[in-house]
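Notes for the one structure printed next.
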Amino acid sequence: MANNALDNAAGTVFVDYVRKARPNMREASILQGEHWRIGILTESLIRFEWSDSGEFEDNLTQMVVNRDFGADPQFTVTHRDGLLIVDTPALYVTYDGKPFSKEGLSVVVKGVADTQFNTWHYGDEPKHNLKGTARTLDEANGEIPLDDGVISRDGWAVLDDSAANVIVEAYEVNGKPNPLGAWVMPRDHAETDFYFFGYGRRYTEAVQDFYKLAGPTPLLPRFALGNWWSRYYRYTQDEYLQLMDRFKREGIPFTTSVIDMDWHRVDDVDPKYGSGWTGYSWDKQLFPDHEAFLRDLHERGLKATLNVHPRDGVRAFEDDYEAVAKRVGIDPATEEAVEFDLTNPDFVSAYFDMHHRMEAEGVDFWWLDWQQGGVTRQPGLDPLWVLNHLHYLDSGRYETSSERNVNENCECEKCAEPGARDEHEMHVEQSERNVSCTERNNRWPLTFSRYAGPGSHRYP
């Protein structure tokens, strides 16, 4: 890769995400043998690792971004009868130093009066976990199963991170230049890696420490907390704007316009390309001037998000097909479909170039309507998680030099205020939007998607 490309990659939000993390445990909190490692992160939160190769993971993972909580917890270590005993003010750990087993690893949670539940043995399933959330409500009809969370009436909970991929700086991936500068990689060794939350009934503290471990939930932009209009209906450009005007006349406030999948070509896609479920080209019969449409929404003080189903990649009928095909090494004359592949840096680069073009036309953020399962070419890597991770960080990417110049040349009253350009989105009222200095300068990250497992709260 050329040096200037490396320099550009080194300055991305993806690289900053890696560099700002604190994935290493504090030295004073680590106990280690040839094949095992125990990290006392807090007096109630312990990390357990077993590795046949003796290698352990210190990179950030899909779930975990911080293993240094800023203070050395109190604990004592005793060796007795072939056992390692770790005693903290909250937990009593007994371990035999062998591959983890029900007989060889146990934790007693202090302060839990019911002795039927206060002791966990490796492999025990929770009986009274208070649960987290679910991946999707698709096809739900009544009660749905929920994933386990970090609080439980048992007094303990376990989060297994063994299968998670790691996130590292990487300027080449599989021999190809990576313009993002960071990438999600498989672990280079197999290991058991899990976190034991032993907080008893101190539920608030357990959740707070989970956020320290997995990262905080970012602050949402104010408009996201307002009313959104969303309906799966084939609106025309004029019909949609007339509806927004009627809402205003009726005194019904909205901040966000959701345009479902019929914004793009659906029914007129030639069957030789497959279905129109995936699409990135505006339907000109419904939206003859989509840039004017998006501009009209903005002038009404509304943000605009488009529904996308990216599973089928980019096919030959799309407006961006030629550019995307060339980027991934396909001759556009062949009309070969560009496969949706988030493990290929060439595709990822072309994919985001396509989205950036549409954002420049006025799209504020994306409704990532992924419904096609959890498999990519990379073992253990869920495409929904990758979409959430990449789109959220990309939505807060740094302004380009051309955008920066536009902002510097802006003469609106708000931009004249001291410090306004540093916090521009906080200064520009939606009802008085100035098109020459949008929140595309100093972006406020946002995406709209499904839950992809613990750690997904980082990508609202």
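Residue 1 is where the sequence shown starts when you use the working numbering, and the numbers rise one by one after that.
Note that beta-carbon positions come from the ideal geometry of N, C-alpha and C, so glycine has one too.
- Taking all protein chains in view, the Cβ of residue 395 is crowded by 16 or more other Cβ atoms within 10 Å, so the residue is classified as buried.
- The shortest C-alpha to C-alpha distance from residue 288 to any of 263, 268, 270 is the one to 263.
- Note on geometry: alpha-carbon atoms of residue 100 and residue 125 lie some 15 Å from one another.
- No Cβ-Cβ contact shorter than 9 Å links residue 167 with residue 351.
- Per DSSP, reduced to three states, the secondary structure at residue 121 is strand.
- In the DSSP assignment, residue 307 falls within the beta strand (DSSP E) that extends over 303-308.
- Shown here for residue 456: same chain residues with a beta carbon closer than 8 Å to its own, the five before and five after excluded, namely 385, 388 in chain order.
- The residues 65, 66, 67, 68, in chain order, have a CB closer than 8 Å to that of residue 22 in the same chain once the five nearest residues on each side in sequence are set aside.
- When C-beta atoms of the segment 205-212 are compared with those of the segment 41-48, three or more pairs fall below 8 Å, so the two segments count as touching.
- By the 16-neighbour rule on beta-carbons within 10 angstroms, residue 275 is exposed.
- The beta carbon of residue 304 sits closer than 7 Å to those of 257, 259, 294, 297, 362, 363, 364, all from its chain and outside the five residues before and after it, given in chain order.
- Around the beta carbon of residue 74, a 10 Å sphere encloses fewer than 16 other beta carbons of the protein chains shown; the residue is thus reported as exposed.
- Residue 388 carries a helical assignment under DSSP once its states are collapsed to helix, strand and coil.
- The three-state reading of DSSP puts residue 102 in coil, since its state is none of H, G, I, E or B.
- Assignment of alpha helix (DSSP H) within the segment 141-213, counting only whole runs of 4 or more residues, yields no such run.
- Following the DSSP letters along the chain, one finds residue 18 inside the alpha helix (DSSP H) bounded by residues 13-20.
- With a contact defined as Cβ atoms closer than 8 Å, residue 278 and residue 312 qualify at about 4 Å.
- Here the C-alpha atom of residue 453 lies approximately 23 Å from the C-alpha atom of residue 225.
- By the Cβ-count criterion, residue 189 is exposed, with fewer than 16 other Cβ atoms from all chains shown falling within 10 Å of its own Cβ.
- With a threshold of 16 other beta carbon atoms within 10 Å, residue 346 meets it and is buried.
- As a beta-bridge residue in DSSP terms, residue 49 pairs with 37, 193.
- Taking all protein chains in view, the Cβ of residue 93 is crowded by 16 or more other Cβ atoms within 10 Å, so the residue is classified as buried.
- For residue 294, the enclosing alpha helix (DSSP H) starts and ends at 290-299.
- Going by DSSP, residue 230 is part of the beta strand (DSSP E) stretching over 228-230.
- Nearest to residue 120 by alpha-carbon distance, out of 37, 195, 34, 330, is 195.
- Annotation: the continuous beta strand (DSSP E) that includes residue 92 extends over 91-95.
- Leaving aside the five residues that flank residue 379 on each side, the residues in its chain whose CB is nearer than 8 Å to its CB run, in chain order, 186.
- In this structure, the CA atom of residue 122 is about 34 Å from the CA atom of residue 138.
- According to DSSP, residue 365 shares a beta bridge with 305.
- In terms of Cα proximity to residue 191, the closest of 283, 324, 160, 236 is 160.
- Distance from the CA of residue 382 to the CA of residue 341, rounded to the nearest whole angstrom, comes to 12 Å.
- The beta carbons of residue 158 and residue 199 sit no closer together than 9 Å.
- Taking C-beta separations shorter than 8 Å and ignoring five residues to either side along the sequence, the partners of residue 103 in its chain run 96, 121, following chain order.
- Spanning the alpha carbons of residue 176 and residue 61 requires a straight line of approximately 22 Å.
- Counting only residues of its own chain and dropping the five nearest sequence neighbours on each side, residue 35 has a CB closer than 7 Å to the CB of 50, 51, 52, 54.
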